[in-house]
Amino acid sequence: MSEYIAPIRDMQFVLKELAGLDQVVQLPGCEEATPDLVDAVLEEAAKFAEEVLSPLNIPGDLEGAKWHNKAVTMPAGFKEAYQLFAESGWTALACEPEWGGQGLPKLVAAAVSEMWKSANHSFSLCPLLTNGAIEALVLTGSDKLKKDYLEKMVSGVWTGTMNLTEPNAGSDLAAVRTRAEPQADGSYKILGQKIFITYGDHDMAENIVHLVLARTPNAPEGVKGISLFVVPKFMVNDDGSLGERNDAYCVSIEHKLGIHASPTAIMAFGDHGGAVGYLVGEENRGLEYMFIMMNAARFGVGLEGVAACERSYQRARDYARERIQCTDIGVRGGPKVAIIAHPDVRRMLMTMRAHAEATRALAYVVAAAHDAAIHHPDAAERKRNQAFVDLMIGVVKGWSTESGVSMASMGIQVHGGMGYIEETGAAQHLRDAQISTIYEGTTAIQANDVIGRKIAREGGATLQALIATMRTFDAELAGQAGDHFLAIRKRLTDGVAALAEAGDWVVATYRDDVRAASAGSVPFLTLLGIVAGGWQMARAALIAQSRIDDGDADPFYAAKVVTARFYADHILSRARGLASSITDGAIGVMALPEDMF
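Using our numbering, read the sequence shown as starting at 32 and increasing by one per residue.
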């Protein structure tokens, strides 16, 4: 059975050559992330992912999380793995030193996080949600809330959740009806039900800190009337010890297509008089605060897409090397060969490999920009990097996860009929990956945000700046000889032109015909992802070729150039068609009367 092997070589290349680790290390607060330290962190994370988490993936899927009497029991081995995970300091990797964190850059944390997600998607969701809750409390919590909760959450002794969705309020948070009644001691009684709460209950940590959206009695209607509250599973005493059980219970867990080892809870707050909650920040600013968690989670979910591409590729590649089927094409009477020799199997494997490398490169570059947006000493540089991050987080989330689902499906195809049989493990990757396109905002929600808030609202300024950067890079490509680079440059030039045309159309159309613009939102997000990924693959190819020209015989570099060429010919070549569907396709989307569906 194929087990996960962390692609450390490619991760190091992307971190150092594309994302600019050397520049991140120079930022105030990031100085300790030296290349040697980062290499050591990656090596240790790879060992944990490969030796502890990956072996639990299939057994965890088969056993699943179990609910009984308002409590959840995790699959065998998960509790012990989590305790070792926390004791080893992995929960604290990117957290602030003030609360016991190691303070490493988001760029480094992104690479490590990808490993957790590739090795064991279900397990990785617990620290993902906890880190989002930590970030929200650091930025918006009172001194007392920080003192009471952050150190234990950073250390992993306690975990965190985010509670948004209700039975009547899915993506429409304006419909939230959970109530928060103020009490004389300054606390609130929280009354209501939340659904789809990842790790809403489990037995891996001694306390769970729920961040809950609710309405106070005089709150205005709509999203302007939502507040955010900390609601712990167990109350916290003044000395930091655990007190009484709070009135916050998991009343059921969902039976899902995938991520079976991740408990998706239905949470009841206040069935026995009211759960005790504490206001985070100011009343009626809860959605603003929750978006801090959601942005962190959206980037993390985007890495799940990267991970799905990588893990599906590895399993399919390993199977293709071992599966003997038919003679080599065009050879009569020859010996049977492994299916990796067959052209279409190679096409599928190259498609999976190219998507894994492109989504990884784009995600890490965005992570580095996030570090610069937080730590750069120059205000203008912080602003410029933040604008890029704001534009691209939805792309990392939406394009990478859609790619993950497509590549997991392709991995099944490589396996043929055996891919449809659970024992090969290929089907689990598709079942697990599918949710990543849905939670933390569906692909359509990401796409609508990209064309509306991130492009139309600012007249396309950040997109135009990105396109200008890509076009400046063309001069570097033009100076590189060889057929591979002629093809890469041709496809990238055409892709950037298609992106520019589609972007201009979105800006011009959005105000007058928002429905027409929205009809092309997901194709636009896909176009932006494909072109941005192609930009990174072209950068990677140039750097790799320069190493080859300097005499480095490492086959990694030649493979990087070939993969970039494949990406240009087979993936980036889709750009012109996507642009056409954006600018010309709204009529076909909107013309059919509803009663004809």
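From the three backbone atoms N, C-alpha and C, an ideal C-beta is built for every residue, glycine too.
Values in this document were obtained by computation on a predicted structure and should not be read as measured data.
- By the Cβ-count criterion, residue 554 is buried, with 16 or more other Cβ atoms from all chains shown falling within 10 Å of its own Cβ.
- If only uninterrupted alpha helix (DSSP H) runs of at least 4 residues are considered, those enclosed by the segment 508-568 are 514-541, 545-550.
- A check of alpha carbon separations from residue 314 across 81, 352, 249 identifies 249 as the nearest.
- Look at the beta carbons and you see the segment 93-113 not touching the segment 53-60: under three pairs across the two are nearer than 8 angstroms.
- Using a 10 angstroms sphere on the CB of residue 113, the tally of other CB atoms reaches 16 or more, which defines it as buried.
- Uninterrupted beta strand (DSSP E) stretches at least 3 residues long and entirely within the segment 337-401 occur at 355-358, 367-369, given in chain order.
- Closest by C-alpha distance to residue 489, out of 276, 421, 51, 433, is 421.
- In the three-state reduction of the DSSP assignment, residue 220 falls in the strand class, which pools E and B.
- Here residue 262 is bridged, per DSSP, to 241.
- Look at residue 620 here: in three-state DSSP terms it is helix.
- Residue 460 sits away from residue 348, with the two beta carbons spaced by 8 angstroms or more.
- Your pair residue 562 and residue 527 checks out as a contact, with CB atoms roughly 6 angstroms apart and the cut at 8 angstroms.
- The DSSP-derived three-state label of residue 296 is strand.
- The segment 355-369 and the segment 335-346 do not touch, with fewer than 3 CB-CB distances between them shorter than 8 angstroms.
- If you look at residue 282, you'll find it in the beta strand (DSSP E) that goes 279-284.
- Inclusion of residue 239 and residue 189 in the CB contact set at 8 angstroms is warranted, their separation being smaller than that value.
- Note: residue 213 is bridge-paired with 219 in the DSSP secondary-structure output.
- Judged by DSSP secondary structure, residue 103 falls within the beta strand (DSSP E) whose first and last residues are 102-104.
- With a 10 Å radius around the Cβ and a threshold of 16 neighbouring Cβ atoms, residue 452 comes out exposed.
- With contact defined as three or more Cβ pairs closer than 8 angstroms, the segment 299-318 and the segment 241-259 are in contact.
- If you look at residue 170, you'll find it in the alpha helix (DSSP H) that goes 152-171.
- When C-alpha distances from residue 60 are compared across 34, 74, 129, 81, the shortest belongs to 129.
- One Cα belongs to residue 236, the other to residue 182, and the distance between them is close to 14 angstroms.
- Ranked by Cα distance from residue 45, the first of 575, 606, 498 is 575.
- Within the same chain, Cβ atoms closer than 6 angstroms to the Cβ of residue 413 are found at 404, 407, the five residues on either side in sequence being excluded.
- The beta-bridge partner set that DSSP reports for residue 307 consists of 220.
- Inter-residue distance for residue 77 and residue 363 is about 44 angstroms (C-alpha atoms, whole angstroms).
- When rounded, the separation of the alpha-carbon atoms in residue 428 and residue 522 is 24 angstroms.
- Around the beta carbon of residue 87, 16 or more other beta carbons sit within 10 angstroms, so the residue counts as buried.
- When the beta-carbon positions are compared, residue 123 and residue 185 come within less than 8 angstroms of each other.
- Between the alpha carbons of residue 135 and residue 146 lies a gap of roughly 16 angstroms.
- Inclusion of residue 612 and residue 534 in the CB contact set at 8 angstroms is not warranted, their separation being larger than that value.
- DSSP places residue 479 inside the alpha helix (DSSP H), whose first and last residues are 474-480.
- Residue nearest to residue 35 within the set 339, 433, 256 is 339 (criterion: CA-CA distance).
- In the same chain as residue 351, and ignoring 5 residues on each side of it, the C-beta atoms closer than 7 angstroms to its own belong to 369, 370, 371, 376, 380, 445, in chain order.
- In this structure, residue 610 lies away from residue 556, with their beta-carbon atoms at least 8 angstroms apart.
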